[in-house]
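Just so you know, we're using the UniProt record's numbering here: the sequence shown kicks off at 1 and counts up by one. For each residue, glycine too, the CB sits at the ideal point set by N, CA and C. A short write-up of the structure that comes next.
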Amino acid sequence: MMSVNGAEKKLQEKRAFYANLDGALADSDDEPDPGRTASINVLRNASKKKSSPPNKQGSNGLPRSASDTNLAKDPLRRFDDQAQVERPKTSSGRAPPQLIKSATSTGVPSKATAVSAPVTAIPKMPKSMKRKRDGTIELVPEAQQIFKGMHFYFFPNDDKNPARAMRMMKAIEFGATWDPQEAAPDFDSTAEFDAAVRQAKDLQYVPLDDEGEDASRPTSSEGPTTDDEEQREPGFTLLKKTSKRRAKYQTFQDKFQCMQKHTAGTSNGPNATTITILQQMADYYGQTGDEWRIRAYRKAIATLRNHPTKVSTREEALALPQIGERLACKIEEIATTNRLRRLDNAKAEPTDQILQTFMQVYGAGLAKASEWVAQGYKTLDELLEKASLSENQKIGITHYEDFNSRIPRAEVEQHGAVVRQALHKIDPAFEVIAGGSYRRGAATSGDIDCLITRPDTGSAHLRAVILEQLVPTLAATGFLVAALAASGKDDGSKWHGASCLLGRKSWRRIDLLLVPSDELGAALIYFTGNDIFNRSMRLLASTKEMRLNQRGLYKECLRGYGREKLSEGTLVEGKDEKRIFEVLGVPWRVPEHRIC
């Protein structure tokens with residue numbers, strides 16, 4: 001945080017700046033204005049050289065400029081009185097509002113008196129618009145003259161364009177003045193233009209910071225710039241441009257989350273308290289199904305976890321990537337008070353607490369939980385007794401505490417060992433890999449993910465062995481205690497259920513994920529996570545005109561209206577996890593470094 005002395009010094013600098021600004025504005029009112037002086041000289045010369053031409057037809061048309069009016073006969077009459085200038089009457093016969101002496105915008109009265117604005121020239125209006133025969137303009141009341149004292153610059157400075165003339169007329173009605181003759185600057189404008197051209201040539205290959213993804217889309221064959229390309233002779237212009245383009249693509253790719261090393265960090269980091277409270281807020285939004293806020297909070301948490309110093313102010317938070325205005329204010333509140341009012345209010349609201357409880361029932365989402373609340377249910381026991389529930393929801397309520405408690409890492413290993421031993425009795429060639437947060441090195445997990453595969457084996461054989469042999473065997477031993485959901489496809493399948501270790505009472509959620517050997521690499525990426533890392537990998541693949549999913553990395557994928565799949569594309573890699581990283585140009589990240 002900024003020290004007290006530093007804050008006081010900054011405040012003094014601001015005060016001195018505004019004091020000097022007030023003085024500069026006051027002094028400028030007493031000095032002769034160069035533009036005004038030039039205008040007076042022009043009017044004097046015009047009045048000496050020629051007079052107004054006679055009106056042969058006797059019409060009283062609108063004057064085109066100040067030199068066409070009677071003011072040109074005596075131009076000095078407009079500037080003799082510095083305090084008040086006689087102004088022409090309006091068409092209604094009323095006297096125009098009195099000119100007001102200027103005052104500074106800081107609220108402190110200025111000692112200097114502003115020079116009265118000269119009577120304006122009147123633009124020539126198009127024939128389709130009504131106009132006064134005497135060439136005057138009726139001004140709005142003085143309180144509504146919002147343009148008085150302001151400067152407008154029209155390019156070009158004439159009334160030939162009807163739309164411009166209408167805008168100028170409206171501005172004059174609200175207190176503005178128009179000077180059709182502007183003194184030319186006393187310097188050569190071509191020098192500034194030449195300097196701008198030279199600067200543009202020097203910067204023609206510099207990439208813009210806010211270029212879109214389409215403008216910076218690299219191909220999979222492009223890599224980082226080599227030293228040999230940078231040391232080409234000046235004659236190799238095309239190669240040098242290609243080198244710059246590749247460097248730009250590499251800079252664009254470096255912005256992806258998957259390009260960075262992310263770890264869980266330590267629990268006693270400088271922003272540990274802030275991260276803990278933000279994580280609780282993210283969990284709250286996760287239960288309500290607000291995916292956008294979840295992503296925003298998790299990105300901010302990843303940024304704070306990798307930041308070496310404590311973030312205490314809104315300004316410090318805004319200076320970091322992935323943190324917006326609202327989250328920056330929340331970070332400042334947490335750093336100052338060690339709490340977050342939004343989170344406290346969510347915890348203190350009785351109806352919200354009931355909704356959060358119902359949403360944690362397995363098989364019930366936001367819609368079903370909201371329906372239960374609307375029906376007047378307040379406890380889980382009331383749901384079991386009175387509500388219409390599915391079998392999965394009944395199991396979810398009965399084992400509510402088990403399904404919503406974290407599973408220690410050692411217990412995850414024990415469940416995986418039971419599955420592996422039973423599977424090896426059927427076929428020793430099968431492999432069982434624990435995925436999810438366990439593979440990322442987490443101390444606890446929400447559920448147990450077991451990836452089951454076999455070398456040179458497709459999904460049909462996997463389904464036959466797992467669903468027809470392994471699951472019945474484990475159910476007979478009492479390890480698998482419930483089948484919560486099962487789904488199958490020709491190219492893979494997934495079995496959801498609950499398991500319980502022998503001699504234990506706690507039920508754990510377990511997923512058996514059947515992965516063909518040709519898809520193992522992509523499946524490991526997909527089922528390891530975390531979700532932000534996976535989204536970053538998929539987005540990076542899309543910028544290279546490829547597609548990444550749990551089955552593999554594909555190129556030449558065609559999508560129609562609404563992202564409708566027109567073709568699956570050509571498989572680039574699916575078996576080797578490291579090879580997928582290599583093709584996308586992402587440095588290999590061990591699972592422990594994928595915690596975004």
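Query, Result
"Helix, strand or coil for Tyr438? Go by DSSP, reduced to three states.", "helix"
"Straight-line CA distance for Lys575 to Thr528?", "15 Å"
"What residue does the beta strand (DSSP E) around Tyr554 start on, and which one ends it?", "553–555"
"Give me the Cα-Cα distance between Gly458 and Thr543, rounded to the nearest whole angstrom.", "31 Å"
"Under three-state DSSP, which class holds Ser517?", "helix"
"Buried or exposed: Leu423, going by 16 or more other Cβ atoms within 10 Å of its Cβ?", "buried"
"So what does Val432 bridge to, in DSSP terms?", "Ile452"
"Just confirm the distance between the C-beta atoms of Trp495 and Ile466, as a whole number of angstroms; I'd bet it's less than 8 Å.", "7 Å"
"Give the secondary structure of Asp381 by DSSP, where H, G and I count as helix, E and B as strand, and everything else as coil.", "helix"
"Identify whether Ser92 lies in helix, strand or coil by the three-state DSSP scheme.", "Because the pLDDT of Ser92 is 49, which lies under 50, any placement of that residue in the model is unreliable, and the number read from its coordinates should be weighed accordingly. Of the three classes helix, strand and coil, the one that applies to Ser92 here is coil, per DSSP."
"Using the Cβ count rule (16 or more neighbours within 10 Å means buried), how would you classify Asn530?", "buried"
"Can you tell me whether Lys9 is helix, strand or coil according to DSSP?", "helix"
"Which one of Tyr285, Glu173, Ala300 has the shortest CA to CA distance from Ile532?", "Ala300"
"Give me the residue from Thr263, Asn345, Arg295 with the minimum Cα distance to His307.", "Thr263"
"Note down, in chain order, each residue of its chain lying with its Cβ closer than 7 Å to the Cβ of Thr309, except the 5 sequence neighbours on either side.", "Pro270"
"Going along the chain, which unbroken runs of the alpha helix (DSSP H) with 4 or more residues stay wholly within the stretch 526–571?", "531–543"
"Three-state secondary structure (DSSP) at Ser405?", "coil"
"Under 8 Å: do the stretch 439–446 and the stretch 399–411 share three or more Cβ pairs, one atom per stretch?", "yes"
"Considering only the beta carbon of each residue, do Asp456 and Ser517 sit closer than 8 Å?", "yes"
"Quick check on DSSP: helix, strand or coil for Val206?", "Any reading at Val206 must be qualified, since the residue scores a pLDDT of 42, below 50, and its modelled position is unreliable; no value is offered."
"In the structure shown, what three-state DSSP assignment does Ile137 receive?", "coil"
"Pull up the distance between the alpha-carbon of Leu366 and that of Asp254, whole angstroms please.", "37 Å"
"Given Gln414, which residues of its chain have a CB within under 7 Å of its CB, disregarding the five upstream and five downstream residues?", "Leu501"
"Please state whether the Cβ-Cβ distance between residue 632 and Glu577 is less than 8 Å.", "Residue coverage of the chain in this structure runs from 1 to 596, which leaves residue 632 outside it and unanswerable."
"Express the C-alpha separation of Arg314 and Ala302 in angstroms, rounding to a whole number.", "17 Å"
"Go ahead and label Ile172 buried or exposed: buried means 16 or more other beta carbons lie within 10 angstroms of its beta carbon, across all protein chains shown.", "buried"
"Using alpha carbons as the reference points, say which of Gln322, Arg509, Glu385 lies closest to Phe479.", "Arg509"
"Specify the secondary structure class of Lys299 as computed by DSSP and reduced to three states.", "helix"
"Can you tell which of Met546, Ser499, Glu564, Ile525 has its C-alpha closest to the C-alpha of Ile395?", "Ser499"
"Going by beta carbon distance, what residues of the same chain come within less than 7 Å of Leu278, once the five residues before and after it are set aside?", "Tyr297, Ala300, Ile301"
"Could you check where the alpha helix (DSSP H) with Ala476 kicks off and where it finishes?", "471–476"
"If you draw a straight line from the alpha carbon of Val412 to that of Glu8, how long is it in whole angstroms?", "56 Å"
"Report the three-state DSSP secondary structure of Val315 (helix, strand or coil).", "Strictly speaking, residue 315 in this sequence is Glu, with Val absent from that position. It is helical."
"Could you tell me the boundaries of the beta strand (DSSP E) in which His461 lies?", "No beta strand (DSSP E) contains His461, which is instead part of the alpha helix (DSSP H) from 459–465."
"Can you check DSSP and say which residues form a bridge with Ala482?", "Ala498"
"Taking C-beta to C-beta, are Leu343 and Gln287 nearer than 8 Å?", "no"
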